[in-house]
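J.: The structure is given below, and queries will be raised subsequently.
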Amino acid sequence: MPSKTIKIAVAVVFALAATLAAALLLSARQAPPPPELANVLMPKPKPLGAIHLTASDGAALDSQRLAGGWTFLFFGYTHCPDICPTTLLTLQGVRRDLAQTQSLTGDTRFVFVSVDPKRDTPEHLKRYVSFFHPDFLGATGDKEEIDRLVGLAGAVYMFEGDTGSDSYIVNHSATLYLIDPQGRLYGRISPPHTPEEVAALYRSVRRHYGDYPKG
């Protein structure tokens, strides 16, 4: 067989293999979700669009930074007396659980978005989230940017008390949100949370998505 013909045949084989792999991945992502994810996955993933927040490490937190990996997103504030520290302790446990699988900790972020930009500067957020894990990120920004992301996620929050002082509280939802590698709101995990349950649901989400082994 002439060498040119061999090269063409090889190229066709590689093209078919790539097409088959893409088809299998697409099939996995389109497969019906397992029962445990019925109330976790979004009916249709929502693109986040442009994000303009500042992370606790001083760098921008935008769509480009969130792309290419998975993100646990949680809304709250550092003066929160109960829900926020409890949830961050849960996420600390989730990360510890995921550490048993290097491929999961390597592409999973944990981001705490403050809805209280008046008191929660990036520097203050850094001290706060680092207490739970040095890799955790805090983020905040202009109220308009925060509210757009809150609204997109379907979260809620409300100030209570005199916001002219430093003693007000913020009532807010406690749902965990999952952002996929394409920068889309892919799922949400409602409370109550335990590290074991959240980690198990996350692994199930990754299997359904098709980027984590089913074994």
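215 is the number that this note's numbering gives the last residue of the sequence shown; the numbers go up by one with no jumps. By construction, the Cβ of each residue, glycine as well, lies at the ideal position given by its N, Cα and C atoms.
According to DSSP, is A139 part of a helix, a strand, or is it coil?
T.: For this step, residue 139 is matched to residue 139 along the sequence shown. It is a strand residue.
J.: With a threshold of 8 Å on Cβ separation, who are the neighbours of P45 within its own chain once the five nearest residues in sequence on each side are excluded?
T.: Indexing the sequence shown from 1 puts residue 45 at position 45. Counting only Cβ-Cβ distances below 8 Å, and skipping sequence neighbours, we find D180, Q182, R184, L185 and Y186.
J.: Tell me the rounded alpha-carbon separation between P32 and H208.
T.: On the sequence shown, position 32 is the one that residue 32 refers to. On the sequence shown, position 208 is the one that residue 208 refers to. Looking at the two C-alpha atoms, the distance is approximately 8 Å.
J.: Can you give the Cα-Cα distance for V205 and Y177, rounded to whole angstroms?
T.: Within the sequence shown, residue 205 is the residue found at index 205, counting from 1. Within the sequence shown, residue 177 is the residue found at index 177, counting from 1. Those two C-alpha atoms are separated by around 12 Å.
J.: DSSP three-state call for L48: helix, strand or coil?
T.: Indexing the sequence shown from 1 puts residue 48 at position 48. Three-state result, L48: coil.
J.: What residue ranges within the segment 117-173 form continuous alpha helix (DSSP H) runs of no fewer than 4 residues, ordered along the chain?
T.: Look at the segment 117-173 and you find these whole runs of alpha helix (DSSP H), each 4 residues long or longer: 122-132 and 143-153.
J.: Output needed for T175: all residues of its chain with C-beta closer than 6 Å, excluding positions within five of it in sequence on either side, in chain order.
T.: For the purposes of this step, residue 175 is identified with residue 175 of the sequence shown, where counting begins at 1. These residues qualify, in order along the chain: R188 and S190.
J.: So is V129 buried or exposed if we call it buried at 16+ other beta carbons inside 10 Å?
T.: As a working mapping, residue 129 is identified with position 129 in the sequence shown. By the neighbour-count criterion, in which 16 or more other beta carbons inside 10 Å mark a residue as buried, V129 falls on the buried side.
J.: From G69 to M158, what distance separates their C-alpha atoms?
T.: On the sequence shown, position 69 is the one that residue 69 refers to. On the sequence shown, position 158 is the one that residue 158 refers to. Straight-line Cα distance between these residues: approximately 31 Å.
J.: Alpha carbon to alpha carbon, how far is Q92 from P195?
T.: Along the sequence shown, one-based indexing puts residue 92 at 92. Along the sequence shown, one-based indexing puts residue 195 at 195. Distance between the alpha carbons of Q92 and P195 is about 8 Å.
J.: Between the Cα of R119 and those of K143, F136 and E36, spot the shortest distance and give me the residue it belongs to.
T.: Locating residue 119 in the sequence shown gives position 119, where the first residue counts as 1. Nearest option by C-alpha distance: K143.
J.: Out of F136, T90 and L125, which has the shortest C-alpha to C-alpha gap to V111?
T.: Along the sequence shown, one-based indexing puts residue 111 at 111. Of the listed residues, the one whose Cα sits closest to V111 is F136.
J.: If contacts are defined as beta-carbon pairs under 8 Å, then A139 and A59 qualify, I think. What distance do you get, rounded to the angstrom?
T.: The residue given as residue 139 occupies position 139 in the sequence shown. The residue given as residue 59 occupies position 59 in the sequence shown. Wrong, their Cβ atoms sit about 10 Å apart, outside the cutoff.
J.: Please determine, among L201, L66 and L89, the residue with the shortest C-alpha to C-alpha distance to P35.
T.: For this step, residue 35 is matched to residue 35 along the sequence shown. Scanning L201, L66 and L89 for the CA closest to the CA of P35 turns up L201.
J.: Here's the rule I'm using: 16 or more other beta-carbon atoms within 10 Å means buried, otherwise exposed. How should G76 be labelled?
T.: Stepping through the sequence shown from its first residue, residue 76 is reached at position 76. It is buried - the Cβ of G76 has at least 16 other Cβ atoms within 10 Å.
J.: Candidates T108, L98, G49 and H193: which alpha carbon is nearest G151's?
T.: The residue given as residue 151 occupies position 151 in the sequence shown. The residue with the shortest Cα to Cα distance from G151 is G49.
J.: Looking at P117: is its Cβ nearer than 8 Å to the Cβ of G141?
T.: Here residue 117 refers to the residue found at position 117 of the sequence shown. Here residue 141 refers to the residue found at position 141 of the sequence shown. Going by beta carbons, P117 and G141 fall inside the 8 Å limit.
J.: Would you mind working out which of R95, T121, V115 and T101 sits nearest R109, comparing C-alpha positions?
T.: Sequence index remark: in the sequence shown, residue 109 carries index 109 (1-based). Nearest C-alpha to R109: R95.
J.: Classify Y77 as helix, strand or coil using the three-state DSSP reduction.
T.: Numbered from its first residue, the sequence shown carries residue 77 at position 77. In this structure, Y77 counts as coil in the three-state DSSP scheme.
J.: Using only alpha-carbon positions, find the residue among I83, H79 and S63 that is nearest to Y168.
T.: Counting from 1 along the sequence shown, the entry for residue 168 is found at position 168. Of I83, H79 and S63, the residue nearest in Cα terms is H79.
J.: Suppose you measure from the CA of R127 to the CA of G210; what does that come to, to the nearest Å?
T.: Walking along the sequence shown from the start, residue 127 turns up at place 127. Walking along the sequence shown from the start, residue 210 turns up at place 210. Looking at the two C-alpha atoms, the distance is approximately 36 Å.
J.: Helix, strand or coil for A199, going by three-state DSSP, please let me know.
T.: For the purposes of this step, residue 199 is identified with residue 199 of the sequence shown, where counting begins at 1. It is helical.
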